[in-house]
Amino acid sequence: MSAYLFTGGRLLDPAQDALLEGFEVLVDGGRIVEVSEAPIKAASATRIDLAGRTLMPGLIDCHLHVVSTTVDGAANTLQPSSLTALKAGKIMETILQRGFTTVRDCCGADLGLVMAIEQGLVAGPRLVICGKGLTMSGGHADQRPRLDDRTSMMEERLGNLGRIVDGVDNVRLAAREELRKGAKFIKIMANGGVASPTDPIHSLQYSRDEIRAIVEEAENAGTYVSAHVYTDKAIRRVVECGVTSLEHCNLIQPETAAIAAEAGCIAVPTLVAYEGLALEGEKFGLGPEAAAKIETVRSAGLQSLAIMQAAGLPMAFGSDLLGELQKYHTMEFEILARVLPNAEIIRSATLVGAKLCRMEGDVGVIAPGAFADLLVVDGDPYADITCLAGDGAHMPAIMARGCFAKNTLN
170 MSAYLFTGGR LLDPAQDALL EGFEVLVDGG RIVEVSEAPI KAASATRIDL
220 AGRTLMPGLI DCHLHVVSTT VDGAANTLQP SSLTALKAGK IMETILQRGF
270 TTVRDCCGAD LGLVMAIEQG LVAGPRLVIC GKGLTMSGGH ADQRPRLDDR
320 TSMMEERLGN LGRIVDGVDN VRLAAREELR KGAKFIKIMA NGGVASPTDP
370 IHSLQYSRDE IRAIVEEAEN AGTYVSAHVY TDKAIRRVVE CGVTSLEHCN
420 LIQPETAAIA AEAGCIAVPT LVAYEGLALE GEKFGLGPEA AAKIETVRSA
470 GLQSLAIMQA AGLPMAFGSD LLGELQKYHT MEFEILARVL PNAEIIRSAT
520 LVGAKLCRME GDVGVIAPGA FADLLVVDGD PYADITCLAG DGAHMPAIMA
570 RGCFAKNTLN
């Protein structure tokens, strides 16, 4: 593995919300070795002259599904797992080329995909996985239509994002199994959803006892629970039960946002998901019932950002796009910028994301000891957040684990 010395650029520090002049950064062995205002002596390192460009930490997406290869969830489940894995490999390569060097997969990806990236079989972001999402019968990850009398839903297929499990004892076992198989956190469906056939948005899912049992199992393993939630009632309920990560939160209200902030929760808004579904969901198989649900959560999305910001509830960057709609991934930056300042958006995709991934100090920063996940950006993201959009068009170089995934610098 080669050593590299980055010089002549501006260093983006999300902790200071600032671009710092005059710093040099030495990378060796997949880690950042030194960051200094004084010239670094490294005769064996390849010198990279940034020519005034911005050097920043790799981006973090905290809500993505790399095994979602098509909008139609049932079709995604039915395809062979080997095909899903190969398609996921291509998806992960594309994600990395957009500048995302760490991804928290919010249900679906398994340990095999993590290992494929770690072993260099696939050029993709590092994956933080939860395994299968846990759903009750008729819940958000239950893909069975009403006339389907099967008692299970091909949970063994890689393309199936969830597993149906009911009852306190059974959810305990399911959580333990996902943790045994390599999950770094547990994901549950605690509210109705858009891309599911039988649950209205307002439906509350899992009993309090079931949620508390799952939270206890996660805490016993030294980790936390993430919950799919939209409505204020559902959000308040899971916070009271000890859930840490709040996915979506489109219909949250100020009092609940304040309670969540006080409890130490982190929210993960995913507004681009609804834009993508509204634009092309029907074209790719989204049914009329699901299409009707979109506006319920889409119209409130921007207001939810303002509510969570005012309450001091930290937000991590997320996208949650399904299958063919993942091409809209970086549009999330532009949507967030309608409400949030650029500095807060940058923190959401670096420092806050690192905290939610339990990788503080390893990712989301440029500091000695951190992973060498770096982006070279044309322009100043604090002045123009679209530097981070455009599918990596403004990123002449992308480094992951100390190796260039892209390098068009002279």
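In my numbering, each residue carries its 1-based index in the sequence shown increased by 169.
For each residue, glycine too, the CB sits at the ideal point set by N, CA and C.
Checklist line | Backbone secondary structure at K524 - three-state DSSP | finding: helix
Margin query: When you compare the CB positions of V437 and G328, do they come within less than 8 Å of one another, or not?
Written below: no
Check: Mind checking E501: buried by the 16 CB within 10 Å criterion, or exposed?
Finding: buried
Check: So V534 packs on P208, CB below 8 Å; how close in whole Å?
Finding: Distance from V534 to P208 at the Cβ level is roughly 22 Å; contact not present, criterion being Cβ atoms closer than 8 Å.
Notebook entry, point to check: Apart from the five residues just before and just after A459, which ones in its own chain have a Cβ nearer than 6 Å to its Cβ?
Noted result: V363, A364
Item checked: Test item: CB-CB of G191 and E206 under 8 Å -> yes
Item checked: Where Q495 falls, given that 16 or more other Cβ within 10 Å makes a residue buried -> buried
Notebook entry, point to check: Does any heavy atom of the ligand GDP sit closer than 7 Å to the C-beta of L189?
Noted result: Ligands in the displayed structure: none, and consequently the ligand GDP is not present.
Item checked: C-alpha distance - V407 paired with L255, whole-angstrom precision -> 35 Å
Notebook entry, point to check: Which one of T176, P294, Q185, A187 has the shortest CA to CA distance from E193?
Noted result: T176
Next item on the list: List the whole-angstrom C-beta distance separating A403 from L373, where the pair is believed to meet the contact cut-off of C-beta under 8 Å.
Entry: 6 Å
Checklist line | As assigned by DSSP and simplified to three states, the class of I535 | finding: Looking at I535 - three-state DSSP - the assignment turns out to be coil, as it is neither helix nor strand.
Check: With S517 and M564 assumed to form a contact (beta carbons below 8 Å), what rounded beta-carbon distance in angstroms separates them?
Finding: Contact flag wrong, Cβ pair sits at about 18 Å.
Note to self: With DSSP as the reference, identify every bridge partner of I229, one or two as the case may be.
What the structure shows: DSSP lists T271 as partners of I229.
Margin query: Taking the beta carbon of L316 as the centre, do at least 16 other beta carbons fall within 10 Å, making it buried, or is it exposed?
Written below: Burial call: exposed.
Check: Name the DSSP beta bridge partners of V297, please?
Finding: R273
Notebook entry, point to check: What did DSSP end up calling V337 once you bin it into helix, strand or coil?
Noted result: helix
Checklist line | Separation of E424 from T270, as counted between CA atoms | finding: Rounded to the nearest whole angstrom, the C-alpha separation of T270 and E424 is 35 Å.
Next item on the list: Go ahead and pull the three-state DSSP assignment for G302.
Entry: strand
Check: Are V398 and A359 close, meaning C-beta to C-beta below 8 Å?
Finding: yes
Notebook entry, point to check: Can a CB atom of chain B be found closer than 8 Å to the CB of P208?
Noted result: Of the protein chains in this structure there is only one, and it is not chain B.
Notebook entry, point to check: Whole alpha helix (DSSP H) runs in the stretch 456 to 535 with 4 or more residues, listed along the chain?
Noted result: 457 to 467, 470 to 480, 500 to 505, 511 to 517, 520 to 525
Check: Taking Cβ to Cβ, would you say P183 is nearer than 8 Å to T519?
Finding: yes
Checklist line | Spatially closest choice to Q472 from D489, M322, V508, by CA coordinates | finding: Residue V508 is the option with its Cα nearest to Q472.
Next item on the list: In angstroms with no decimal places, state the Cα-to-Cα distance between A390 and T246.
Entry: Rounded to the nearest angstrom, the gap between the Cα atoms of A390 and T246 is 29 Å.
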